[in-house]
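Those letters in the sequence shown? Residues 2 to 274, per the working numbering, in order. To start, the structure itself, in structure tokens.
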Amino acid sequence: MRLSNSKTEKENTNLANELDKERIPEHIAIIMDGNGRWAIKKGLPRSFGHNKGVSVLKEIIKISKKIHCKVLTVYAFSTENWSRPEKEVDFLINLFEKVLKKEISKLHQESIRINFIGDLSPFPESLKLIINNSENLTKENKNFILNVCLNYGGRQEILKATKKIAIKSSSGKIKPSDIDEKLFNSELLTNGIKDPELLIRTSGEKRISNFLLWQLAYSEIYITDVLWPDFTEVEFLKAIKDYQSRNRRFGGIESLSNESFKDSYFSSLSKND
Ligand code: FPP
2 MRLSNSKTEK ENTNLANELD KERIPEHIAI IMDGNGRWAI KKGLPRSFGH
52 NKGVSVLKEI IKISKKIHCK VLTVYAFSTE NWSRPEKEVD FLINLFEKVL
102 KKEISKLHQE SIRINFIGDL SPFPESLKLI INNSENLTKE NKNFILNVCL
152 NYGGRQEILK ATKKIAIKSS SGKIKPSDID EKLFNSELLT NGIKDPELLI
202 RTSGEKRISN FLLWQLAYSE IYITDVLWPD FTEVEFLKAI KDYQSRNRRF
252 GGIESLSNES FKDSYFSSLS KND
């Protein structure tokens, strides 16, 4: 046991040392998927997967801080998750409440700010109260931001922003020509939060499932088959290493000077002539 632990620690340190400290993503978004499958594979109720998922999230927050990533946004409950069996929905709601009550003072001590993103209105008052208290308690914290998306849906968020803008426009507060990305951003639930540079999705599904549809426009996407409860420090560091190997062009081309563009363009012409 000791041996395998120290092997993992060594692997972590090696991977961490290989990272380019100048290119750590400031904001990482995560779709924490696979809790249910993890539990079922072990012959356990799905709730065990969600419980294990919480400890993995705590670990990932710790490592994010260690490597100086500044913001983590996690998808904890989507607008579609209400269609799960009532027992599971109730379990998740109780879990959010229990975890918040237990962890909030620790998060605050570590100067972590916690924000909740989504339509919180359908949740029980007891959960809304602890959410409100947690946001208020931590709102001045500067060390790290944890955004928890609860009853969140990207399309719903975009529609809400569009309606707000339409109302402002029809009442004459803004002109249609004022509508640009900056204004649109300011009406989103993530107003003030920089877009994620990296999206991680666990459990191998290759979709974004209505998560941060606007904000992920240029994010790098990393998908791993590892189920969320098995997502370790090594897996997280691997995702960041992979991100650092990407060439982010934002719709442009690899940074070639005009001269080298001309050179390669004309040499390819002469080859084909
Ligand atoms: C997806 O796995 C996971 C969820 C729907 C819940 C994630 C919630 C946590 C990890 C708790 C976070 C707690 C706080 C307070 C932020 P799944 O159930 O969809 O798994 P499956 O795809 O294998 O069925």
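Cβ coordinates follow ideal geometry from the N, Cα and C atoms, glycine included. Note that the coordinates shown come from a computational prediction; the quantities given were computed from them, not determined experimentally.
Would a C-beta distance cut-off of 9 Å place L96 and H28 closer than the cut-off? In this structure, H28 does not lie closer than 9 Å to L96 by Cβ.
Around the Cβ of A218, are there at least 16 other Cβ atoms within 10 angstroms (buried) or fewer (exposed)? By the 16-neighbour rule on beta-carbons within 10 angstroms, A218 is exposed.
According to DSSP, is E288 part of a helix, a strand, or is it coil? Nothing about residue 288 can be reported from this structure: the residues present for the chain run from 2 to 274 only.
Buried versus exposed, by CB contacts within 10 Å (16 or more), G37: Answer is buried; the Cβ neighbour count reaches 16.
Taking 8 Å as the line, does the beta carbon of G155 fall inside it for any heavy atom of the ligand FPP? It does not: the Cβ of G155 is nowhere closer than 8 Å to a heavy atom of the ligand FPP.
So the alpha helix (DSSP H) L58 belongs to, where does it begin and stop? First-last of the alpha helix (DSSP H) with L58: R47 to K67.
Just how far apart, CA to CA, sit E98 and D243? Cα to Cα, E98 sits roughly 35 Å from D243.
Measure the Cβ-Cβ separation of E158 and T191 and say whether it is below 9 Å. Cβ distance < 9 Å, so E158 and T191 count as in contact.
How would you call F237, buried or exposed, if buried means at least 16 neighbouring beta carbons within 10 angstroms? By the neighbour-count rule (16 or more Cβ atoms within 10 Å), F237 is buried.
Any heavy atom of the ligand FPP inside 8 Å of the beta-carbon of A77? Yes, the Cβ of A77 comes within 8 Å of a heavy atom of the ligand FPP.
How is M33 classed by DSSP in three states: helix, strand or coil? Note: M33 maps to coil in three-state DSSP.
When DSSP labels each residue in this structure, what does T225 get in the three-state scheme? T225 falls in the coil class under three-state DSSP.
The alpha helix (DSSP H) enclosing K156, as first and last residue numbers: Position check: residue 156 holds Arg in this sequence, whereas Lys was assumed. For R156, the enclosing alpha helix (DSSP H) covers residues G155 to S171.
Could you tell me whether the segment 135-147 touches the segment 112-125, where touching means 3 or more Cβ pairs closer than 8 Å? Cβ pair count under 8 Å is three or more, so yes.
Helix, strand or coil for L214, going by three-state DSSP, please let me know. Residue state, collapsed to three classes: coil.
So which of Y153, S127, E10 and I31 has the shortest CA-CA distance to S65? It is I31.
Does DSSP put R114 in a helix, in a strand, or in coil? Of the three classes helix, strand and coil, the one that applies to R114 here is strand, per DSSP.
Any heavy atom of the ligand FPP closer than 8 Å to the Cβ of V72? No, the ligand FPP has no heavy atom inside 8 Å of this Cβ.
For N82, verify whether its CB is less than 8 Å away from any heavy atom of the ligand FPP. Yes, the ligand FPP has a heavy atom inside 8 Å of this Cβ.
Identify, in the order they occur along the chain, each residue of the same chain with its Cβ nearer than 7 Å to the Cβ of E60, setting aside the five sequence neighbours on each side. Same-chain partners within the cutoff: E234.
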